[in-house]
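**Student:** Sharing a structure here in structure tokens format.
Residue numbers (the UniProt record's numbering): 1 to 395.
Encoded structure:
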């Protein structure tokens with residue numbers, strides 16, 4: 001059953017790739033230039049839509065078969081959760097596309113789904129029994145609802161990116177163009193992490209440290225990338241491996257922070273290489289492809305996605321989470337780092353809707369808020385989940 005589940009996920013991944021190619025051709029191909037995103041007369045957009053539906057079906061098959069194999073909802077570790085988040089973004093896109101028929105949104109969304117699934121694949125994939133606190137139906141209710149909410153919110157980010165690429169003047173150097181290039185660098189860093197992760201995995205790189213954890217107990221920590229930063233009071237016990245330059249405090253999961261640092265370095269190298277090849281800002285290189293896109297249409301898509309995703313996230317990330325916390329830990333709220341950032345996410349999107357509806361923040365300001373909101377979600381998922389020790393940390 002585990003093998004079947006993995007094979008279904010592989011098929012889904014390649015269908016996401018096929019959808020990416022089809023949507024890209026529908027936007028950039030000379031014979032099918034329908035940049036407004038209309039399906040009529042644009043068969044490549046329709047092929048991309050069918051591929052994304054097929055990917056979602058195979059991804060659902062992965063999810064069900066892994067659930068049957070493990071005996072619990074497959075959202076209990078970093079591999080499972082990030083994979084389901086990618087699947088949830090795919091679900092949300094299929095629904096949004098059926099309403100708005102935006103091919104350019106598919107060209108931006110499908111690569112993000114692929115990146116998240118590829119990122120997830122770098123984490124341990126073994127099925128492990130749940131710890132007592134997770135042995136509850138609320139695992140399924142809370143985590144799946146959160147992932148679905150974040151998936152819908154991510155569509156708002158993709159539409160916001162499209163709006164910014166379409167409207168910013170990349171011939172000028174200012175805060176807005178620099179900020180957009182930083183967003184591009186952040187996404188490229190994710191690609192960098194995937195590349196170096198697979199590179200060192202192929203080399204079977206592993207380094208073990210003895211260290212003292214946050215409970216002041218001696219433990220071991222395994223690195224799968226050369227150690228730039230070591231664990232608290234760490235001692236390298238694997239021969240012929242790189243010594244760290246300095247050690248992290250006990251509250252920080254040093255091997256995961258080390259991975260983040262390597263990702264940023266790899267992203268910087270890839271970004272610099274792209275700038276040299278393109279000889280212009282990345283946003284400026286993409287912009288000519290989107291001349292026919294209606295800014296008002298993608299602005300409407302981003303707002304609708306946030307308006308739908310926000311209550312779903314609030315339900316799963318706060319209400320269901322507090323119910324489960326009361327059952328598991330006998331308290332509704334405990335200011336754990338993950339709980340704090342869930343609240344930050346909720347308040348940010350609540351502020352977005354307030355500014356949009358009451359203050360008329362539409363267009364570019366709305367698009368920037370969509371991108372910032374997604375950055376908060378990813379910070380919560382990557383940095384807070386992995387680097388900061390807490391009750392919600394994915395080990």
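Even glycine gets a Cβ: it sits at the ideal position worked out from N, Cα and C.
Note that the coordinates shown come from a computational prediction; the quantities given were computed from them, not determined experimentally.
Taking its Cβ as the centre, do 16 or more other Cβ atoms sit within 10 Å of residue 281, making it buried, or is it exposed?
**Tutor:** With 16 or more Cβ atoms within 10 Å of its Cβ, residue 281 is classed as buried.
**Student:** If distances are taken between C-alpha atoms only, which option among 46, 64 and 158 comes closest to residue 89?
**Tutor:** For residue 89, the nearest C-alpha among the options comes from 158.
**Student:** What is the rounded straight-line gap between the Cα of residue 256 and the Cα of residue 193?
**Tutor:** Rounded to whole angstroms, residue 256 to residue 193 spans 12 Å at the Cα level.
**Student:** With 16 other CB atoms within 10 Å as the buried threshold, where does residue 101 fall?
**Tutor:** Buried, because 16 or more other Cβ atoms sit within 10 Å of the Cβ of residue 101.
**Student:** My guess is that residue 283 and residue 165 are in contact by the Cβ rule of under 8 Å, so how many angstroms apart are they, rounded?
**Tutor:** So it is a contact: roughly 5 Å between Cβ atoms.
**Student:** Whose C-alpha, out of 191, 224 and 297, is nearest the C-alpha of residue 264?
**Tutor:** It is 191.
**Student:** Run the proximity test for residue 50: is its beta-carbon closer than 7 Å to any non-hydrogen atom belonging to the ligand ATP?
**Tutor:** Questions concerning the ligand ATP fall outside what the structure shown contains, since it holds no ligand whatsoever.
**Student:** What residues match up with residue 210 in a beta bridge as DSSP calls it?
**Tutor:** DSSP, once it has assigned bridges, lists 220 and 235 as partnering residue 210.
**Student:** Give every residue of the same chain whose Cβ lies closer than 7 Å to the Cβ of residue 176, excluding the five residues on either side of it in the sequence, and list them in chain order.
**Tutor:** Only 168 meet the Cβ criterion.
**Student:** Figure out for me which residue from 323, 83 and 151 has the closest Cα to the Cα of residue 118.
**Tutor:** Ranking the options by Cα distance to residue 118, first place goes to 83.
**Student:** Could you tell me the boundaries of the alpha helix (DSSP H) in which residue 256 lies?
**Tutor:** First-last of the alpha helix (DSSP H) with residue 256: 254–278.
**Student:** Pick out the complete alpha helix (DSSP H) segments inside the UniProt domain "Cytochrome c assembly protein" (269–392), 4 residues or longer, and give them in chain order.
**Tutor:** Runs of the alpha helix (DSSP H) inside the UniProt domain "Cytochrome c assembly protein" (269–392): 282–286, 295–314, 321–329, 337–358 and 364–379.
**Student:** Chain B beta carbons: is any one of them nearer than 8 Å to that of residue 259?
**Tutor:** The structure shown has no chain B; it contains just one protein chain.
**Student:** Look at the alpha carbon of residue 354 and the alpha carbon of residue 321, and state the distance between them as a whole number of angstroms.
**Tutor:** Taking the straight line joining both Cα atoms gives about 24 Å.
**Student:** Can you say whether residue 198 is buried or exposed, counting buried as having 16 or more other CB atoms within 10 angstroms of its CB?
**Tutor:** It is exposed - the Cβ of residue 198 has fewer than 16 other Cβ atoms within 10 Å.
**Student:** Alpha carbon to alpha carbon, what distance is there between residue 278 and residue 140?
**Tutor:** One C-alpha to the other measures close to 45 Å.
**Student:** What does the Cβ neighbour count give for residue 240, buried or exposed, with the cut at 16 atoms within 10 Å?
**Tutor:** Burial call: exposed.
**Student:** Tell me which same chain residues have a C-beta within less than 7 Å of the C-beta of residue 19, skipping the five on either side of it?
**Tutor:** Answer for residue 19: 48, 51, 52, 55, 106 and 110, listed in chain order.
**Student:** Considering only C-alpha positions, which residue in the set 301, 316 and 292 is nearest to residue 97?
**Tutor:** Cα-wise, what sits closest to residue 97 is 301.
**Student:** Going by DSSP, name the residue or residues bridged to residue 230.
**Tutor:** In the DSSP output, where bridge partners are listed per residue, residue 230 has 247.
**Student:** Closest to residue 406 by C-alpha separation, out of 350, 293, 135 and 269, would be which residue?
**Tutor:** With the chain represented from 1 up to 395, any question about residue 406 goes unanswered, as that position is not in the structure.
**Student:** Apply the 10 Å Cβ neighbour rule to residue 296 and answer buried if 16 or more other Cβ atoms are within range, or exposed otherwise.
**Tutor:** Classification of residue 296: exposed, given that the 10 Å Cβ count is below 16.
**Student:** Comparing C-alpha positions only, which one of 341, 266 and 356 sits nearest to residue 299?
**Tutor:** It is 356 whose Cα lies nearest to the Cα of residue 299.
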